[in-house]
Amino acid sequence: MATGTAGPLRQQALDEGLPLSERVLACVDLIPPGRVMSYKDVSEFVFGHPRSPRRVARVLSRDSVGSGVPWWRVIRADGSCATPVRSEQLRRLAEEGVPIRNEHVVMAAARWDGR
DNA sequence: TTTCTGACACTAG
DNA sequence: CCTAGTGCCAGAA
515 MATGTAGPLR QQALDEGLPL SERVLACVDL IPPGRVMSYK DVSEFVFGHP
565 RSPRRVARVL SRDSVGSGVP WWRVIRADGS CATPVRSEQL RRLAEEGVPI
615 RNEHVVMAAA RWDGR
């Protein structure tokens with residue numbers, strides 16, 4: 515199909531006029547079930563460069579839990595999970611079929627780049 | 001303004 | 001696998 519539709523969330527994630535948290539959360543909302551993105555990947559998607567994974571992490575720690583977005587689909591680049599939520603995150607990911615080995619998500623198989 | 005700290009990333013050892 | 005050191009960005013003290 516012609517797919518001219520960028521998708522409201524996708525558009526929101528790229529809109530530089532919106533607040534940082536809204537853009538990051540919009541991006542996280544785009545991640546399909548069973549797939550994941552690293553903080554660095556989100557930085558690349560939202561900011562256009564991979565240099566601000568910590569800005570992404572800060573937004574997640576502040577506004578993600580309870581916001582309704584699938585925060586558990588954002589993990590470290592090496593496939594491990596952030597310390598504060600590691601346990602619940604691994605449980606949720608395993609629940610939706612994300613391949614995990616030794617407490618690490620198999621990035622090669624579950625990583626989502628936004629396509 | 002300097003320093004510390006954090007749901008990060010990467011390289012060395 | 002683990003610890004250090006460095007780079008990174010931003011908020012808090």
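Numbering-wise (our numbering), the first sequence opens with residue 515 and increments by one. A virtual CB, placed ideally from N, CA and C, is assigned to each residue, including glycine. Bear in mind that the values here come from a model prediction, so they are computed numbers and not experimental data.
With fewer than 16 other Cβ atoms from the protein chains shown falling within 10 Å of its own Cβ, residue 562 counts as exposed.
One Cα belongs to residue 568, the other to residue 519, and the distance between them is close to 31 Å. Contact between the region 588–597 and the region 540–557 is present: 3 or more CB-CB pairs across the two stretches fall below 8 Å. Rounded to whole angstroms, the gap between the alpha carbons of residue 527 and residue 586 is 18 Å.
Residue burial is scored here from C-beta neighbours: residue 624 has at least 16 other C-beta atoms within 10 angstroms and is therefore classed as buried. Leaving aside the five residues that flank residue 581 on each side, the residues in its chain whose CB is nearer than 8 Å to its CB run, in chain order, 539. With 16 or more neighbouring CB atoms inside 10 Å of its own CB, residue 558 falls in the buried class. Going by DSSP, residue 620 is part of no alpha helix (DSSP H) at all; its letter is neither H nor E.
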